[in-house]
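Asker: So in numbering that gives the first Met the number 0, spot 399 of the sequence shown is number 398, and the numbers just go up one at a time. Backbone N, C-alpha and C fix where the C-beta goes; we use that ideal spot for every residue, glycine too.
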Amino acid sequence: MHAGEGQLMVNAADAIQKAANLSVCIDTARAAGELDRARATALKNTLADLEARYATIMPPEAASAQAARDIRAAVERQLPARYHSTLAQLQAMQRLRAHIEASDRPDLILKNLLSNAEGQGYGGESLQSMIRAEVRSVMAAISEVTEATGENIIGQSRDARLLNRILDELHGDDSGDALARRMADQVRAQQERLRQSFNAHGGNIGKLEDFGISHSHDVVKMRREGFDAWRDTIATKLDWSRIEDFATGQPFARKKGEIPDRAVTDRFLRDVYENITTRGWNTRKATMGTQGRALYNKRGDHRVLHFQSGKAWREYNRDFGDGDLFSSLIGGLSGMARDVALMRVLGPNPRMGLQFAEALAQRQAGRLADGALEARVESAAKLSRAMLAHLDGSANSPVNQSWGAFFSGVRSVLTSIQLGSAILSSPTDLATLTMASRTVGVNPANVLSRHTQLMASSATRRTAARMGYVADTLADAGATTARYVGDIWVPNVARKLAGFTMRASGLSHWTDMARTAFQMEFAGALADMAGQAFDQIPEAMRRALSSRGIGAADWDMLRAPQGRFTADNGADFLSPFYWLEHQTALPRDQAEGLAMRLQMIIEEHMEYAVPTANVEGTARMMMGVQPGSVPGELIRSLGMYKSFALSLTLNQIRRFNALPTRMDKLKYAAMMGSGLLMLGALSVQLKELAKGRDPRPMDTPSFWLAALFQSGGLGIFGDFFSSETSRAGGGLAETIAGPVVGAGGDVIRLVAQPIQDMANGDDPNIGRSVSNFVRRNTPVASSLWYARAAYDRAVADNLQRLLDPEAEANWRRQERQRERDFGSATWWERGEMLPFRAPDLSNAMGDLQ
């Protein structure tokens, strides 16, 4: 309801109390054009519902008067909230205007609003960095909860009973467990902090004690079972005394356990059901314009359903939930933190904010009378819309839920099949860690040493947690997978399978500890500089701080002794999250803003240190096409794994361009290029060993070409310089088309190859086709680096030996061909249960030995 309409209804409600007819007033407003047909119809329906409800307990005249009073009260509550959100949106637009109108490259400003690119002259807040900072701040505050109840190696909660007791406490039930009560208080404190921050940036969420946690609903099952079955399941589990009737502003029931009249609850639940199963489209117009539900409304919807107890929540989640308890807990907090960041950067209606920024950028380009700039602005606007869709999650909302679930599940299974040896590509992280640290003035040796300590020592990890730095995968099993394939919506079982592979391979631990090491040593470097005034700290760090608006006054606040963390060994750190909780100079809201800006800087530099498939690379590859559609699934197959390489390349090009002098650029390129190439060569050799082969001779061009591809994150293409197929078993064309297409090709070949053989007059070797399919497509076992050779030799080879009468002859041909082409032999004979010798490491020297 718009503000003008709200005032009209207040006046109308006054009139009804003086014996006028509110229904007539609504008709009059409709005729005058003050209300459109949809709103007028909705108001009249609400009035009729209220009058009918009150007519059961009072005379008709009194029922009409009470209905009018309720409408007046509801409208009066809406007006201040709408004014507040409008003011916050205008303030956000003013910030956007200041950045764009001060720039002669508004196209770069548009992109930097969503994702930071170094050296492009943007000094404001970038959405991706801010989301990461906000989410990390929440995870830091509940690190005790995630450590105790997070997912173990197989994707189950470490302590499911404790987690259930925490849920009971969050719903106001006494679990009798002091630890659960303390952890519930930690979660509750973050819910309240996020609520206040959400409201401060234009939202309107009322305080509600013992809210519990939000649900992730199984939309497919809700649609399949239908409204009646869903209503019968949920109606008796809800606490109607805590659910507000938006028409009256009053609870549906007077006390807990009381269930209102069926007609009343059905209308309310029908609206909720339709909103969930249509993902909000039941209340939106189908247009091609820039839309999107304002966030200040969206988060209120999440708090509509309140369950009587933790037990009731679990029972509903079992029947219609789309996630486990831990995922729902973390997902609710992370989603709220993301929305706070969206509102902070773009306003309460982020899509409106971005649309406004696009219009300003186009106008700025027109003022500069630069046709090429206008074209760049148009391209940047398109990319920015795609980036926003990936950051707010709408790009991952399936067009068709069933097809989206199927293909996202396939991609996760393929991750388990194909990325079990991805840790063998991770040595190149040592080069990016070194150069990212050096560029910002952090000692690289300290970062690498800290990484080793964190990998080996739980005591060091506890110190990091006290500073506010916790492993990403404690709270999100998909964090490591997302590093390579981007943020993806995945069914729960498939997600756990991919998560198990990442954990079992050691890649999750490696990545978590690398990112934690960089953050810790960044904080350590800041503490080392705390004794210096802002204009005296090293130029690299001063430039990094200044790029995000942190100046001398802010630095003096940050370097105050009471805000620094001192470890048990006396080491000093300036961690944003620890500083936020211990500083005394600033009010909480101002201190939180400064802490988030500092963490945002760390996040941006950490992206260079431990690269991920960031939002720009993902958006350039996929744009805003949604899953669950033919183009959406094709483009996701095409972009799977490749957005990581694109993101790494974009980051390195921009960092190179941002360096101040030609000598700096030359030095950076030489050090980064040589480091990546040598560590890429190491990765190639590690992969050979994992396959049961000797290292390849390093004196051939093909080896160094494979190392070059490996060093840039395109190891899947480097495979073609050591075999005729990729690690997924497909040819070059299928690899370019993506793993999903490649997997489809494997399935087709399983049937088509024998048919083709028969058509050519050859004997169809069905056994070889079956055994090769099993060899390449077994989750976990076919790719897990320390089990890969054993599975290949002891299981897949013996299956082929059983099914393929020509197996051993075929193996001998393959091994002879490989020795001729690549100069390496096997140290584990095909079809044998155990290796017959140790790897010949001297083979790496080639003719030089």
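#1: For a test of the three-state rule: what should DSSP assign to S425, helix, strand or coil?
#2: Just the C-alpha distance for A54 and P259, rounded to the nearest angstrom, thanks.
#3: Looking at the unbroken alpha helix (DSSP H) that takes in K641, where does it start and where does it end?
#4: Mind checking which residues open and close the alpha helix (DSSP H) that includes H450?
#5: Should Q755 be labelled buried (16 or more other beta-carbon atoms within 10 Å of its own) or exposed?
#6: Can you check whether the CB of Q185 is closer than 8 Å to the CB of I233?
#7: Okay, do the segment 438 to 455 and the segment 694 to 714 touch, 3+ Cβ pairs below 8 Å being the bar?
#8: Just tell me which of M466, G122, D693 has its CA closest to the CA of S545.
#9: In terms of residues, what are the limits of the alpha helix (DSSP H) holding F226?
#10: State the Cα-Cα distance for the pair D511 and T45, rounded to the nearest angstrom.
#11: What three-state label does DSSP hand P738 in the structure shown?
#12: Look up P250 in the DSSP assignment and say whether it is helix, strand or coil.
#13: Tell me, to the nearest whole angstrom, how far the beta carbon of L645 is from that of P610; I am working on the premise that it is less than 8 Å.
#14: Would you kindly report the start and end of the unbroken alpha helix (DSSP H) that includes P626?
#15: Alpha carbon to alpha carbon, how far is A101 from Q867? Give it in angstroms, no decimals.
#16: What are the start and end residues of the alpha helix (DSSP H) that includes A594?
#17: Helix, strand or coil: how does DSSP classify L367 here?
#18: If you reduce the DSSP assignment to three classes, tell me which class G122 lands in.
#19: Taking Cβ positions only, does P537 come closer than 8 Å to chain D?
#20: Following the continuous alpha helix (DSSP H) through P700, name the residue where it begins and the one where it ends.
#21: Using the three-state DSSP reduction, which class does D534 fall into: helix, strand or coil?
#22: So for S156, helix, strand or coil by DSSP?
#23: Could you check what DSSP says for F210 in three-state terms: helix, strand or coil?
#24: In three-state terms, what does DSSP make of F572?
#25: Please classify M620 as buried or exposed, where buried requires at least 16 neighbouring CB atoms within 10 angstroms.
#26: With DSSP run on the structure shown, which of helix, strand or coil describes L557?
#27: Let me check understanding here. Comparing Cα to Cα, which of D839, T431, M454, Q452 lies closest to P443?
#28: Can you find the residues in the same chain that come closer than 8 Å, C-beta to C-beta, to Q849, ignoring five residues on each side of it along the sequence?
#29: If you drop the 5 nearest sequence neighbours on each side, which residues of the same chain put their C-beta closer than 6 Å to that of A379?
#30: D217 and F306 look like a contact to me (Cβ under 8 Å); what is the Cβ gap, rounded to whole Å?
#31: Compare the Cα-Cα distances from Y854 to each of F655, E146, P560, Q582 and report the closest residue.
#32: The alpha helix (DSSP H) that contains F772, what's its start and end?
#33: Could you tell me how far apart the beta carbons of G322 and N115 are, in whole angstroms, since I believe they sit closer than 8 Å?
#34: Find the nearest neighbour of E538 within the set G211, G330, V441, A806, judged by alpha-carbon distance.
#35: Let me know if K255 comes out buried or exposed under the rule of 16 or more other beta-carbons within 10 Å of its beta-carbon.
Answerer: On the basis of the data shown:
#1: Looking at S425 - three-state DSSP - the assignment turns out to be coil, as it is neither helix nor strand.
#2: Roughly 15 Å between the two C-alpha positions.
#3: Note, K641: alpha helix (DSSP H), 641 to 657.
#4: Run containing H450: 443 to 455, per the alpha helix (DSSP H) assignment.
#5: Under this definition Q755 is an exposed residue.
#6: Not closer than 8 Å, so no.
#7: Contact between the segment 438 to 455 and the segment 694 to 714 is absent, because fewer than three Cβ pairs lie under 8 Å.
#8: Ranked by how close their Cα comes to the Cα of S545, the residues M466, G122, D693 have G122 in first place.
#9: In this chain, the alpha helix (DSSP H) harbouring F226 covers 218 to 233.
#10: One C-alpha to the other measures close to 53 Å.
#11: The answer is helix: DSSP assigns P738 an H, G or I state.
#12: DSSP places P250 in strand when its eight states are reduced to three.
#13: Their Cβ separation, rounded to whole angstroms, is 10 Å, which puts L645 and P610 out of contact at 8 Å.
#14: Run containing P626: none; DSSP gives neither H nor E here.
#15: The first residue shown for the chain is 0 and the last is 848, placing residue 867 beyond what the model contains.
#16: Start and end: 587 to 608.
#17: Here L367 sits in coil by DSSP.
#18: If DSSP states are grouped into helix, strand and coil, G122 belongs with coil.
#19: Absent here is chain D; the protein component of the structure consists of one chain.
#20: Bounds of the alpha helix (DSSP H) holding P700 are 700 to 710.
#21: Reduced to three states, the DSSP call for D534 is helix.
#22: Here S156 sits in strand by DSSP.
#23: The answer is coil: DSSP assigns F210 none of H, G, I, E or B.
#24: Secondary structure at F572: strand, using DSSP grouped into helix, strand and coil.
#25: Buried, since its Cβ has 16 or more Cβ neighbours within 10 Å.
#26: Helix, per DSSP.
#27: Checking every option, the nearest Cα to that of P443 belongs to T431.
#28: This structure cannot settle anything about residue 849, because the visible part of the chain is limited to 0 through 848.
#29: These residues qualify, in order along the chain: D106, L109, K110.
#30: Not really, about 16 Å apart at Cβ, beyond 8 Å.
#31: Limits of the chain in this structure are 0 at one end and 848 at the other, which puts residue 854 out of reach.
#32: Per DSSP, the unbroken alpha helix (DSSP H) holding F772 starts and ends at 765 to 775.
#33: Taking C-beta atoms under 8 Å as the contact rule, G322 and N115 fail to qualify, at a distance of about 31 Å.
#34: Closest by alpha carbon: V441.
#35: K255 is classed as exposed because its beta carbon has fewer than 16 other beta carbons within 10 Å across all chains shown.
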